[in-house]
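Chains F and D supply the protein sequences, listed in that same order.
The letter at position 65 of the first sequence is residue 65 when you use my numbering, and the numbering goes up by one with no holes.
With the second sequence counted from 1, adding 1000 to any position gets you my numbering.
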Amino acid sequence: MESTVKAIETDVLVIGAGPAGLGTAIALMRGAPEGSKPRVIVLDKGRNPGSHILSGAIVDPSGFDGLLTQEETAKLPVEARVSKESFRMISGPGRSMKVPWVPPLMHSRGYPVGSLTKIVSYLASIAEREGVELYTGYAVTELLEENGRICGARTGAKGIGKDGGHKENYLAPEEIRARVTVLAEGGCGILTERLADEKGLRGKRCQTYALAIKELVEVPAGKQTAGEVMHTFGYPLTDGTYGGGFVYHISETQVMAGYVCALDYRRPEIDPHLLFRRFKESSAVRRHIEGGKTVAYGAKTIPEGGYYSALHPYTPGCVIVGDAAGLLDSLRIKGVHIALQSAQAAAKAILAELKDGKGLETYPGLLHATRGWKEMKRVRNVRAAFRHGTFCGVMGAGMAWATFGLFPFWRLGGFEMPDSEELEPLKPGALEKESARGVPQNSPLSPDRLTGVFMSGTLHDEDQPCHLKIADAAKCGECREKYGAPCTRFCPAEVYRFEEDRLQIDFSNCLHCKTCKIKCPYGNVDWTFPQGGDGPRYTRM
Amino acid sequence: MHAIVCIKQVPDSTNVRINPETNTLMREGVESILNPFDEYALEEGLRLHDAGARLSVISMGPPQAAAVLREALARGADDAYLLSDRAFAGADTLATGYALSCAIKKIDPNPDLILFGKQAIDGDTAQVGPGVAETLGLPLLAYVRDLSVSKDGAFTATVAMDDGDEVVEGRLPAVMTVVKEAHTPRFAPLSGAIAARRAKITTWSAKDVEADTARCGLNGSPTKVVRIFPPPVKGNAERIDARKDASRAAEAVIAKLAEKGIVRK
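This is how it looks when you write it as structure tokens:
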């Protein structure tokens, strides 16, 4: 164990400065009576607030109710509200069809559409104004526990060399002792996942994730309308794998284009980044970005499992909020508003705990009373229905809507095993067949992966131990034989590649999306924390 | 012993783009950072601080520039001063050097050592440090990459020259500019960041430092920016992938060079 300097004492420690973490911090300050404001420390491993956040993003503004004032909500840093929305079924590169009717549950007219990075940095400024202490560039690598109760956490050391030795600028880990610790790490949070296993916090089903890859495209002015949004399904995923794309005009000259590919896919030849590029080349999408240039890139995983996959969000001394707990409406793939509602529920329980020394255990009940949780319950089977193909999925969604979630009343099967175990062995010739469908040329509108990595701004000190630890290198060879080394395709940052017979890991490219941890068929990747402050530097994602 | 480090907040140039129509900086999505060269100057100051010196930091800029001063405090600096006044706006290197000199005199009429980064990555002039030395009438040592100071003020500095290192001995006071080959900048501990959040940053106007406004900002700047233009775009770079077959890639590079007449095949 590394020696640590004197512990820092606080009432509340929040790990992760996304909507859930900052929402909790703001709600704590605003909910506490004047004169007895708690001390709230928020830590984030990103270099700046929002550096590691990524979303579509069409934000359901209901999450801000009760948290921000109307004036603050009106001042959200978004340039557009959804003014025109459509769903398209894409059947091929040149063919698509507008879906004539969309369940009202999925409507988002009037919702703010823009960059979640900017929204988070706005929330950060509100939190700091309220007296929240926010420090970025600090990775929290370990929770502290005493007598079965979480009592704080420890930051990661900095300045450790490739060889594991201390460099000239070595910084020792520091301990923060907290009366309440809030896990707000986002989807597939490393500390959260570890805690869920240790304390048995898992839901009825495994969590299932999707990988979202997104670009910001600058387009010539005067051609597009701010606020126009389009969702697509179908091509280029035509084998029944769940997924779809989106195109959001967040201003007259900026378009967010993204593709979401479910990670329960079975064919190891699938390459989500290639799917994204094909998606952008399809005629349905091209007309939105024609003449434009990609200027920013990023990727993140989304916990899509919903109601049955959510974690039990409480253990003594600790609550889990937002994506980390799997709180997501899996029909609309929206989580920000539920994150903010869970934050407000958590803040209520925390304030009771700070006042009376008990009350934290009421958080799950408070969470279950939120609108967001009820929404998750209503669409609880939708994601599973999509396992049986798009038709079943759409029918399931329709039924859930029409019957207010009463039907199907039972729990549909699926997700009994984690995404990593879904892969089937690679069929002979499958890789060749996949690449024969064509790889787009590198161009301003279709940058390859490494160009994307550059545009994500991701940066890691290369003189540090590789944070992606391979448990058993021999398995990588076996995997290459059996599955064709899917990590070389599913990683949106080209971290993994084979150099002759050796797996080369370019960890410096990492976007912290955790796809490798989720999808490696051998569960062979241990995702540990690189030095705090490293990783992507999203500013407009 | 009192060391003063002058630091600057700059746009992170790795992300800077120029709007081709207006020729102005597109600030959207560009972070503000501590000038990378100043990190090294600050580190030299902190090493003296470790050995018992008092360490002050100054910056000139808009109120947001306080962020880099807080970072310096978090790493261990004792006190921080921000020169912020509309009168300083539009300053060239001469006017900036003058304003900083006024502030330095106010902090300590007899400082032992004033440190600068070699240059700032936005203007790239490398003139402000030398300008302050001139204004204050102190000796200047540029491009320092290692420094040791004894209790009586005698110093030994290693200076990075184009053709090798020079070891210089002398006696403080002096102004020095520091290069990136110096010691690796330290990280701010969380406890330091917590203390810095509460620390006071003294903010001064031109009047506070008794600066002659005729010598400040645009008024005091003999150099004027006449025109800004992006350099002409060179042809698209060609990428040769050497990851699969390095020797074939090398051949391709040689063939390209031969084609351009740079080497003979």
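Glycine included, C-beta positions come from ideal geometry on N, C-alpha and C.
Unbroken beta strand (DSSP E) run spanning residue i, endpoints
{"i": "MET455/F", "result": "Unbroken run through MET455/F is the alpha helix (DSSP H), 449-456; no beta strand (DSSP E)."}
{"i": "ALA262/F", "result": "254-262"}
{"i": "PHE246/F", "result": "243-249"}
{"i": "HIS368/F", "result": "No beta strand (DSSP E) holds HIS368/F; the alpha helix (DSSP H) holding it covers 363-368."}
{"i": "SER36/F", "result": "Neither: SER36/F is in no beta strand (DSSP E) and is coded neither H nor E."}
{"i": "ASP11/F", "result": "8-15"}
{"i": "ARG177/F", "result": "175-183"}
{"i": "SER96/F", "result": "95-98"}
{"i": "SER1032/D", "result": "1032-1034"}
Contact set for residue i: own chain, Cβ-Cβ below 6 Å, skip 5 residues either direction
{"i": "ALA352/F", "result": "GLY359"}
{"i": "ALA1077/D", "result": "LEU1055, VAL1057"}
{"i": "ARG39/F", "result": "THR10, ASP11"}
{"i": "ASN1019/D", "result": "MET1026"}
{"i": "ARG278/F", "result": "PRO236"}
{"i": "ASP448/F", "result": "ASN442"}
{"i": "GLN504/F", "result": "ARG497"}
{"i": "GLU422/F", "result": "ASP264, ARG266"}
{"i": "ASP1079/D", "result": "SER1056"}
{"i": "LEU19/F", "result": "In the sequence as presented, Leu is not what sits at residue 19/F; that position holds Pro. Correct list, in chain order: VAL336, ALA339, LEU340."}
Spatial neighbours of residue i in its chain, beta-carbon cut-off 8 Å, leaving aside the 5 residues before and after
{"i": "MET1/F", "result": "Because MET1/F carries a pLDDT of 45, less than 50, the predicted location of this residue cannot be relied on, and the following value inherits that uncertainty. Nothing meets the Cβ criterion."}
{"i": "ILE160/F", "result": "HIS166, LYS167, TYR170, GLN464, PRO465, GLN531"}
{"i": "SER508/F", "result": "THR458, LEU459, HIS460, GLU462"}
{"i": "LEU67/F", "result": "GLY23, ILE26, ALA27, ARG30, LEU340, ALA343, GLN344"}
{"i": "GLN224/F", "result": "HIS249, GLU252, THR253, VAL255, HIS288"}
{"i": "TYR111/F", "result": "ILE58, VAL59, ASP60, PRO61, ARG81, VAL82"}
{"i": "GLU416/F", "result": "ARG205, CYS206"}
{"i": "LEU468/F", "result": "VAL495, ILE505, PHE507, CYS510, CYS516, VAL525, ASP526, TRP527, THR528"}
{"i": "PRO1011/D", "result": "LEU1025, ARG1027, VAL1030, GLU1031, SER1032, ILE1033, ASP1122"}
{"i": "PHE92/F", "result": "Note that residue 92/F is Gly in the sequence shown here, rather than Phe. Closer than 8 Å at Cβ, skipping near neighbours: TYR235, SER282."}
Assigned exposure category for residue i - 16 Cβ within 10 Å defines buried
{"i": "ASP356/F", "result": "exposed"}
{"i": "HIS107/F", "result": "exposed"}
{"i": "LYS280/F", "result": "buried"}
{"i": "GLU1071/D", "result": "buried"}
{"i": "ALA1204/D", "result": "Here the sequence assigns Trp to residue 1204/D, which means Ala is not the residue at that position. Its Cβ being crowded by 16 or more others within 10 Å, TRP1204/D is buried."}
{"i": "PHE276/F", "result": "buried"}
{"i": "HIS273/F", "result": "buried"}
{"i": "THR238/F", "result": "exposed"}
Continuous alpha helix (DSSP H) stretch holding residue i: start and end
{"i": "LYS348/F", "result": "336-356"}
{"i": "LEU116/F", "result": "116-129"}
{"i": "CYS476/F", "result": "473-483"}
{"i": "MET29/F", "result": "19-31"}
{"i": "ILE289/F", "result": "283-289"}
{"i": "SER1247/D", "result": "1246-1259"}
Closer than 7 Å: residue i CB and nearest the ligand MN heavy atom
{"i": "ALA471/F", "result": "No copy of the ligand MN occurs in the structure displayed, which carries no ligand at all."}
Residues near residue i by beta carbon distance below 7 Å, same chain, minus five either side
{"i": "ALA196/F", "result": "ARG202, LEU311"}
{"i": "VAL1016/D", "result": "LEU1025, VAL1030"}
{"i": "ALA1053/D", "result": "MET1001, HIS1002, ALA1003"}
{"i": "ALA349/F", "result": "VAL319, GLY359, LEU360, THR362, TYR363, LEU366"}
{"i": "CYS520/F", "result": "SER420, CYS487"}
{"i": "ALA153/F", "result": "LEU13, ILE15, VAL140, GLU142, LEU143, LEU144, ILE176, THR181"}
{"i": "ILE518/F", "result": "CYS188, TYR209, LEU263, THR301, ASP419, SER420"}
(Q) If the cut-off is 9 Å on Cβ atoms, which residues from the segment 8-28 of chain F count as contacting chain D, listed in chain order? (A) ILE8
Q) Listed in chain order, which residues of the segment 1171-1193 of chain D have Cβ atoms closer than 7 Å to some Cβ of chain F? A) HIS1183, THR1184, PRO1185, ARG1186, PHE1187, PRO1189, LEU1190, SER1191, ALA1193
Q.
Beta carbons nearer than 9 Å to chain F: which residues of the segment 1197-1215 of chain D have them?
A. ARG1197
Q: Anything in the segment 1058-1079 of chain D with a Cβ closer than 7 Å to a Cβ of chain F? List those residues in chain order, please.
A: none
(Q) For a minimum of 4 consecutive residues, which ranges assigned as the alpha helix (DSSP H) are wholly contained in the segment 1121-1200 of chain D? (A) 1128-1136, 1190-1198
**Q.** 4-residue-minimum alpha helix (DSSP H) runs that sit fully inside the segment 1040-1107 of chain D, ordered along the chain
**A.** 1066-1075, 1093-1107
Q) Unbroken alpha helix (DSSP H) runs of length 4 or more, entirely within the segment 499-523 of chain F: which are they? A) 515-519
Q: Would you list, in chain order, the members of the segment 1135-1166 of chain D that have their beta-carbon closer than 8 Å to a beta-carbon of chain F?
A: none
Q.
Residues of the segment 153-173 of chain F in Cβ contact with chain D at a cutoff of 7 Å, in chain order, please.
A. THR155, LYS158, GLY159, LYS167, GLU168, ASN169, LEU171
(Q) Quick check for students: name the residue ranges of the alpha helix (DSSP H) that lie wholly in the segment 135-217 of chain F, counting only runs of 4 or more. (A) 190-199
**Q.** Positions along the segment 355-384 of chain F whose CB lies within less than 8 Å of some CB in chain D
**A.** none
**Q.** Every unbroken alpha helix (DSSP H) inside the segment 56-94 of chain F [4 residues or more]
**A.** 70-74
Q: Could you run through the segment 126-145 of chain F and flag, in chain order, every residue whose CB is less than 7 Å away from some CB of chain D?
A: GLU133, TYR135, TYR138
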